[in-house]
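See structure below.
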Amino acid sequence: MRTELVSEPGDPGRPNEDFASVGLPASGQGGSLVVLDGVTPPADGGGCLHSVPWFTARLGGALSELTVSLPDVPLAELLSRALVRTAGSHAATCDLSHPRTPQATVALARWSPARVEYLVLSDSVLLAESPDGTVTALLDDRLARLPRSALATDAQVDATVRNREGGFFTAAADPSVASRAVTGSLPRGEVRALTALTDGAARWVEMFREGDWADCLAVVRKEGARALVDRVRTLERADARRRPARRGKTHDDATVVHVEL
Numbered sequence: 017m018r019t020e021l022v023s024e025p026g027d028p029g030r031p032n033e034d035f036a037s038v039g040l041p042a043s044g045q046g047g048s049l050v051v052l053d054g055v056t057p058p059a060d061g062g063g064c065l066h067s068v069p070w071f072t073a074r075l076g077g078a079l080s081e082l083t084v085s086l087p088d089v090p091l092a093e094l095l096s097r098a099l100v101r102t103a104g105s106h107a108a109t110c111d112l113s114h115p116r117t118p119q120a121t122v123a124l125a126r127w128s129p130a131r132v133e134y135l136v137l138s139d140s141v142l143l144a145e146s147p148d149g150t151v152t153a154l155l156d157d158r159l160a161r162l163p164r165s166a167l168a169t170d171a172q173v174d175a176t177v178r179n180r181e182g183g184f185f186t187a188a189a190d191p192s193v194a195s196r197a198v199t200g201s202l203p204r205g206e207v208r209a210l211t212a213l214t215d216g217a218a219r220w221v222e223m224f225r226e227g228d229w230a231d232c233l234a235v236v237r238k239e240g241a242r243a244l245v246d247r248v249r250t251l252e253r254a255d256a257r258r259r260p261a262r263r264g265k266t267h268d269d270a271t272v273v274h275v276e277l
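Under this note's numbering, residues 17 to 277 are what the sequence shown spells out, in order.
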């Protein structure tokens, strides 16, 4: 088994809000990957004493442990349990009902000799490659389907579409959000590699249109995860020179996890 993990902050002066891990049980049977993309809070905060990296470290740590220690529990149930555990660690000090309480997008995969299970919530990406080279993108595309008018301002997003019916969902404090995730499983023999990306790394496909998902996975396999992030950074710098007024971050935290099963 080959694994590779790269995670880089968008701004070296700010903490990386992503989380990534690969877990291989002591039994040697299967494994799991966890990728979280923390949602950057507004400048006026989100009703919490803790940072987004604090949240993603705790949620990611809980998921890393649970996905390997409880192999028979479905991933959605494990996400729910991890959210309960994480919320309990700061419910007494923070307003967890705030729409910007610390939260994250999620991509999980767990494999055994028999099957590969997956869970995706919001705009992180999970790619599954079959033995014949076909790449399937396992996506939660609810955010991408929303009209641009619904995303005009952070205040509008928080009031109308964030963690709401008809909008999109992220992992925050409410454990019931786990039931909103995109989940499924594939026969183990139909998957030879998995690649998980936060949206900062997925920009190579989604923002800059440098190739499709199969091309993206091919870059990671042939050149490495670092090469994909470096390509994204080069494109971001060039885009900032061409379009300095583009709304949003010039550079985003970028994480790539690649596992060849």
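Backbone N, C-alpha and C define an ideal beta-carbon position, used for all residues, glycine too.
Pairing Ser201 with Arg258, the inter-Cα distance amounts to about 42 angstroms. Taking C-alpha positions only, Phe224 is separated from Phe35 by approximately 24 angstroms.
Arg257: member of the alpha helix (DSSP H) spanning 241-258, first to last residue. Look at Phe71 here: in three-state DSSP terms it is helix.
The alpha carbon of Glu93 has as its nearest neighbour, out of Glu276, Leu21, Leu82, the alpha carbon of Leu82. Per DSSP, Ser140 lies in no beta strand (DSSP E) segment and is marked neither H nor E. DSSP, reduced to helix, strand and coil, places Arg164 within a helical segment of the structure shown. Short of 6 angstroms from the beta carbon of Pro118, and not among the five residues preceding or following it, lie these beta carbons of its own chain, in chain order: Cys64, Val68, Phe71. Just so you know, the alpha carbons of Leu52 and Ala160 end up roughly 18 angstroms apart. Fewer than three Cβ pairs drawn from the region 172-179 and the region 232-244 lie within less than 8 angstroms of each other, which leaves the two stretches out of contact. Straight across, the Cα-Cα distance linking Val207 with Asp60 is about 44 angstroms. Apart from sequence neighbours up to five positions away, the residues of its chain that approach Thr109 with a beta-carbon distance below 7 angstroms are Leu65, ordered along the chain.
For Leu91, the enclosing alpha helix (DSSP H) has its first and last residue at 91-104. Burial state of Asp228 is exposed, judged by a 10 Å Cβ sphere holding fewer than 16 other Cβ atoms. Setting aside the 5 residues that flank it on each side, Ser128 is surrounded in the same chain by Gln45, Gly46, Pro87, Arg204, each with a C-beta closer than 8 angstroms to its C-beta; the list follows chain order. The closest CA to that of Thr56, considering only Leu277, Val273, His267, is found on His267.
The Cβ atoms of Leu210 and Leu49 sit closer than 9 angstroms to each other. With a threshold of 16 other beta carbon atoms within 10 Å, Thr102 meets it and is buried.
Counting along the chain, no beta strand (DSSP E) covers Ala171; the unbroken alpha helix (DSSP H) around it starts and ends at 170-176.
Judged by DSSP in its simplified three-state form, Val38 adopts strand.
With distances taken between CA atoms, Leu142 lies nearest to Ala217 out of Ala254, Arg249, Ala217. For the pair Ala120 and Ala197, the Cα-to-Cα distance works out to about 13 angstroms. For Gly216, the enclosing alpha helix (DSSP H) has its first and last residue at 215-222.
Around the beta carbon of Ser96, 16 or more other beta carbons sit within 10 angstroms, so the residue counts as buried.
Burial state of Glu276 is exposed, judged by a 10 Å Cβ sphere holding fewer than 16 other Cβ atoms.
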